[in-house]
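Structure follows, in structure tokens:
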């Protein structure tokens with residue numbers, strides 16, 4: 071198992087952890103959607119998108135945000151050129167991800183976890199796409215359907231890659247049905263260092279006992295998707311906990327002694343959710 075990392079990889083190169091500053095744990099930056107962006111580029115005004123990202127991240131920097139963890143994966147349209155532009159223009163440190171979101175390509179579904187792990191390891195140690203920008207986190211995702219066989223391959227591959235490189239893992243889960251519990255159990259079985267695992271979207275439930283159960287296994291929790299409430303997402307309208315309910319859940323976990331294992335974020339996807347995120351990166 072790899073030693074603890076001494077630097078944090080950003081799109082502009084490695085930095086000392088002490089230079090990271092106030093960090094949002096689970097965010098996204100403007101980019102064309104996967105497949106649509108590459109196959110139908112005429113559908114998108116990338117220059118306008120770039121300027122919006124620069125403006126919003128500059129606003130975030132001026133509001134006290136020093137860094138974001140951008141958990142956009144290849145199937146979410148990850149774009150290193152745009153990420154570099156955003157970081158240079160705004161001054162915000164941007165940590166980017168390897169891994170896969172919910173749309174696991176069929177080619178990867180036919181591979182072993184060990185084979186998929188090699189892809190992640192290359193992006194962590196060599197670079198993403200045709201750049202030398204290294205991933206600073208591994209993204210995995212399981213939603214309302216629970217951990218599918220394909221998602222389990224990605225989770226086990228993430229554990230292998232994390233153990234090889236020391237790179238942390240951050241997940242997307244469906245908290246209302248405790249999908250994070252399934253993720254934790256699989257990662258434990260795969261031998262992952264649970265201190266390098268963060269279970270995302272954990273503020274989408276008010277079940278403190280469920281959340282504490284995962285914390286007792288040694289993981290971190292990303293208490294994100296602020297401000298919450300009723301949102302319009304890819305799966306239609308969803309009633310999620312309000313920011314007041316999220317705060318109450320965070321406070322309950324703090325009262326139980328878990329303050330040092332909680333991280334905060336929005337899961338803001340610029341351009342997709344203007345009604346649900348009126349303050350963009352600055353609600354927190």
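Numbering (this note's numbering), first residue to last: 71 to 354. Note that the Cβ used here is the ideal one computed from N, Cα and C, for glycine as well. Please read these numbers as outputs of a predicted model, since none were measured by experiment.
- Distance between residue 324 and residue 258, taken at the CA atoms: about 25 angstroms.
- Under the 10 Å beta carbon count, residue 112 is surrounded by fewer than 16 other beta carbons and is classified as exposed.
- Proximity to residue 269 across 288, 280, 292, 282 peaks at 292, based on C-alpha coordinates.
- The alpha helix (DSSP H) runs lying completely inside the region 263-331 and spanning 4 residues or more are 278-285, 313-325, given in chain order.
- Under the three-state reduction of DSSP output, residue 333 falls in the strand class.
- Nearest in C-alpha terms to residue 278, of all of 297, 310, 319, is 319.
- Beta-bridge annotation (DSSP): residue 208 is paired with 168, 239.
- Contact between residue 194 and residue 231 is confirmed by a C-beta separation of about 7 angstroms, below the 8 angstroms threshold.
- Of the residues assessed, residue 89 falls on the exposed side of the cut-off, its CB having fewer than 16 other CB atoms within 10 angstroms.
- Its chain contains 227, 230, 231 as the residues whose beta carbon lies nearer than 6 angstroms to that of residue 187, once the 5 sequence neighbours on both sides are disregarded; these appear in chain order.
- With 16 or more other Cβ atoms inside 10 Å of its own Cβ, residue 335 counts as buried.
- Judged by DSSP in its simplified three-state form, residue 79 adopts strand.
- Note on geometry: alpha-carbon atoms of residue 276 and residue 122 lie some 34 angstroms from one another.
- For residue 259, the uninterrupted alpha helix (DSSP H) run begins and ends at 249-259, by DSSP.
- Taking the Cα positions, residue 129 is about 43 angstroms away from residue 182.
- Judged by DSSP secondary structure, residue 95 falls within the beta strand (DSSP E) whose first and last residues are 93-97.
- By the Cβ neighbour-count rule, residue 235 is buried, with 16 or more other Cβ atoms within 10 Å of its own.
- Residue 196 counts as exposed, since fewer than 16 other C-beta atoms from the protein chains shown sit within 10 angstroms of its C-beta.
- With 16 or more other CB atoms across the displayed protein chains lying within 10 angstroms of its CB, residue 147 is buried.
- Around residue 201, the same chain offers 150 as residues with beta carbons nearer than 7 angstroms, after the five sequence neighbours per side are excluded.
- For residue 117, the secondary structure class from DSSP, reduced to helix, strand or coil, is helix.
- With respect to the C-alpha of residue 353, the residue from 271, 329, 296, 311 having the closest C-alpha is 296.
- Closest in C-alpha terms to residue 263, from the list 95, 243, 238, comes 238.
- Here residue 298 has 310, 311, 312, 313, 316 as same chain residues with Cβ atoms under 6 angstroms from its own Cβ, once five neighbours each way along the sequence are excluded.
- Between residue 140 and residue 165 a beta carbon distance of about 7 angstroms is seen, short of the 8 angstroms cut, so the two are scored as contacting.
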